[in-house]
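Participant:
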Amino acid sequence: KISMNLAEDKWLRGVEIQPGNPKTVHHIVLTNTESNKLSPITDRKILPWTDNYLALGGGADQATIFPEGTGIFIPKGTTLTIQIHYTPTGKVEKDQTRLGFYFHDSIPAKEFYALSPSNTEFVIPPFGKNVKLTVADEISRDIKIHYVVPHMHYRGKSIKISAILPDGSEKTIISVADYSFNWQWLYKLKEPVSIPKGSKILVEGIFDNTYQNPLNPDPTKELIYGIQSTDEMLIGFFNYTLED
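Its first residue numbered 28, the sequence shown is counted upward by one per residue in my numbering.
#1: Quick check on this structure: which residue in V162, T108 and H173 has the alpha carbon closest to the alpha carbon of N59?
#2: Can you tell me whether P115 is buried or exposed? The criterion is at least 16 other CB atoms within 10 Å of its CB, across all chains shown.
#3: From T268 to L216, what distance separates their C-alpha atoms?
#4: Within this structure, are the beta carbons of E138 and I99 separated by less than 9 Å?
#5: Shortest alpha-carbon distance to D235 belongs to which of N266, I262, K187 and P153?
#6: How far does the beta strand (DSSP E) with P219 in it extend, from its first residue to its last?
#7: Could you tell me whether the region 131 to 151 touches the region 66 to 86, where touching means 3 or more Cβ pairs closer than 8 Å?
#8: For G96 versus P144, is the C-beta distance shorter than 9 Å?
#9: Going by DSSP, which residues form a beta bridge with G127?
#10: Ordered along the chain, which non-local residues of its own chain (more than five positions away) have a Cβ less than 6 Å from that of I55?
#11: Do Y252 and F149 have their CB atoms nearer than 9 Å?
#12: How big is the Cα-Cα spacing for N266 and E120?
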């Protein structure tokens, strides 16, 4: 955990992640650990290290500046959590990852929020091929989605994040047909996607737990949700602004 040591409330306008050892740093998730923070668009329990994320990046220098006129509110006394996933190299390694924070001089026009539909209760059987998992969050307000990060681990084969609109039609936000665990990237949409209230943000993932998956460390393992890279995840990180 990292104390921000802020003497007053601040509005964050961007974050830079500088991995100290790109050979072993696979990806990094930086989250706001406010335990009682509620989402303005869903009534479900907020997951502390995904729904309140501030930045997510792979093992290369990445600066994420939020859209013009937006910011994330950081109260004084805030503590952040940094989660670093390392890849073994077969020898002792050292890492001194650094974080940079960019702040607004005044209050921005809109708050920049994060939500991350996550399937945390599943089982992928040994040698399971083309196993489909889904998760969805229904939203209660009009929003615009600006950034997305589709996230799975080694058995992830393909992933799609879409919106099921109130009339039943589907709007694709991002589709990665040939997913790789090495792609830990934040995708900035060229144009924000407007999603009306009453829609569901749907995340669909296909997993390959067979020997035909060259990245699979152990096809004999029964897989459940877990933070280790050899476990599995299905998460659709996204950043949004309120539009109502």
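Ideal placement from N, C-alpha and C gives every residue a C-beta, glycine not left out.
Facilitator: In this structure, then:
#1: Comparing alpha-carbon positions, the option among V162, T108 and H173 lying closest to N59 turns out to be T108.
#2: It is exposed - the Cβ of P115 has fewer than 16 other Cβ atoms within 10 Å.
#3: Going from the Cα of T268 to the Cα of L216 covers about 13 Å.
#4: Contact: yes.
#5: Comparing Cα positions, the closest option is P153.
#6: Where P219 is concerned, the enclosing beta strand (DSSP E) starts and stops at Y214 to I222.
#7: Touching, yes.
#8: No, the pair does not count as a contact, with Cβ atoms beyond the cut-off.
#9: Answer is E43.
#10: Same-chain partners within the cutoff: I44, G84 and I111.
#11: Going by beta carbons, Y252 and F149 fall inside the 9 Å limit.
#12: Distance between the alpha carbons of N266 and E120: 33 Å.
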